[in-house]
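Residue numbers (full-length UniProt numbering): 1 to 294. Below is one structure, written out as structure tokens, with a few remarks after it.
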Ligand SMILES: C[S@@+](CC[C@H](N)C(=O)[O-])C[C@H]1O[C@@H](n2cnc3c(N)ncnc32)[C@H](O)[C@@H]1O
């Protein structure tokens with residue numbers, strides 16, 4: 001069964017208010033790939049929220065200008081509390097936008113109850129949404145800041161483990177932990193080698209590239225780090241699950257004509273997720289058509 005039509009409005013108001021105007025000038029694969037990534041992760045995220053009946057916490061590590069809070073609020077799918085972490089400089093920019101743009105601040109105020117809402121230049125803490133400025137490489141500092149923002153750490157088996165590999169991480173009741181990430185994959189083939197060389201030419205060494213050999217090595221990495229179940233699918237597969245009418249619309253918007261190159265690129269990124277999960281919450285992908293990992 002293909003994925004259901006994408007939820008909400010992908011060109012939503014929050015995105016317009018948070019993203020720089022120059023974003024519209026990015027071309028081709030970048031935006032089409034971004035679209036596939038957002039839809040793929042959204043699908044898994046929403047399946048998780050429905051399974052937990054929103055009785056969970058979400059910690060979005062490296063959230064950047066993500067507009068997830070506003071989208072989940074619109075869809076009545078807010079978790080018990082949603083946390084975001086990014087560098088203090090990025091967080092300061094996001095908070096400035098929130099403070100100065102009522103369509104962004106109003107939903108935060110509406111969902112807040114109790115003591116007064118805390119908002120300064122580097123952090124925001126409301127009943128349902130919290131933004132923390134921290135460097136993910138310093139996990140004790142991060143843990144302290146998240147606790148101050150009332151992250152219920154009793155739900156976590158190990159905060160440090162989560163920081164190792166998450167782009168977006170979910171915590172639910174009963175110690176369940178589900179994690180998503182979007183790393184490279186198939187890096188041992190010729191195309192992968194060219195990607196690595198291109199990065200090296202820009203003085204960027206891809207840390208941990210050895211585990212990016214295949215989908216299997218990505219799953220192994222998660223299992224070796226203490227997760228109980230792991231799944232991985234490449235982005236081309238994710239793309240094929242998306243509603244085809246919507247895919248056609250996006251491809252036309254982007255004038256996507258170099259299909260072969262796009263497909264190769266998509267085969268070199270994946271979504272992988274893992275869980276520690278007595279109630280099988282990690283198995284959120286069961287409706288994906290042709291999914292090889294279940
Ligand atoms: C590729 S962006 C992804 C943004 C968002 N999660 C998304 O999917 O659109 C990566 C984000 O991670 C943040 N980031 C990278 N390294 C970080 C670190 N060490 N500490 C905190 N944030 C970090 C960057 O500032 C950036 O906003």
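Even glycine gets a Cβ: it sits at the ideal position worked out from N, Cα and C.
Query                                                                                                                             : Result
Same chain, Cβ closer than 6 Å to residue 25, five either side skipped, listed in chain order                                     : In this prediction, residue 25 scores a pLDDT of 48, lower than 50, which makes its location untrustworthy; the coordinate-derived value is nonetheless stated afterwards. There are no such residues.
Beta carbon of residue 235 nearer than 8 Å to that of residue 212                                                                 : no
Unbroken beta strand (DSSP E) run spanning residue 298, endpoints                                                                 : Coverage of the chain is limited to positions 1 through 294, which leaves residue 298 absent and any answer about it impossible.
Nearest-angstrom Cα separation, counted from residue 229 out to residue 217                                                       : 14 Å
Inter-residue CB distance, residue 78 and residue 54 (contact presumed, cutoff 8 Å)                                               : 7 Å
Simplified DSSP state of residue 127, which is helix, strand or coil                                                              : coil
Rounded separation between residue 85 and residue 103 - CA only                                                                   : 22 Å
Straight-line Cα distance separating residue 131 from residue 69                                                                  : 11 Å
beta-carbon residue 137 near ligand 1 non-hydrogen atom, thresh 7 Å                                                               : yes
Rounded separation between residue 258 and residue 31 - CA only                                                                   : 14 Å
Spatial neighbours of residue 250 in its chain, beta-carbon cut-off 7 Å, leaving aside the 5 residues before and after            : 32, 35
Ligand 1 heavy atom lying under 7 Å from the CB of residue 66                                                                     : yes
Residues sharing a beta bridge with residue 54, DSSP                                                                              : Per DSSP, none; premise fails for residue 54.
Proximity test, Cβ basis, 8 Å: residue 40 and chain B                                                                             : In the structure shown, chain B cannot be found, because there is only a single protein chain.
Contact test: residue 87 Cβ vs ligand 1 heavy atom, cutoff 7 Å                                                                    : yes
Neighbourhood of residue 238 by C-beta distance below 7 Å, restricted to the same chain and skipping five residues each side      : 36, 40, 271
DSSP bridge partner residues for residue 141 (one or two, in chain order)                                                         : According to DSSP, which records beta bridges pairwise, residue 141 is partnered with nothing at all.
Residue interval of the alpha helix (DSSP H) (run including residue 238)                                                          : 235-241
Alpha helix (DSSP H) segments (min. 4 residues) lying fully within the stretch 74-102                                             : 88-100
For residue 136 and residue 63, the rounded distance between their alpha carbons                                                  : 11 Å
Chain-order list of residues whose beta-carbon lies under 8 Å from that of residue 122 (same chain, five-residue window excluded) : 88, 91, 92, 95, 133
Local conformation of residue 198 per DSSP, three classes                                                                         : helix
Member of 14, 38, 15, 18 whose CA lies at the smallest distance from the CA of residue 241                                        : 38
Ligand 1 heavy atom lying under 7 Å from the CB of residue 90                                                                     : yes
Cβ shell of residue 214 (< 8 Å), same chain only, five flanking positions each side left out                                      : 185, 186, 188
In DSSP terms, what residue 231 is bridged to                                                                                     : 273
Own chain residues within Cβ distance below 7 Å of residue 76, not counting five before or after                                  : none
Straight-line gap, residue 225 to residue 273 (C-alpha atoms, nearest Å)                                                          : 13 Å
Inter-residue spacing [alpha-carbon to alpha-carbon] between residue 47 and residue 202                                           : 39 Å
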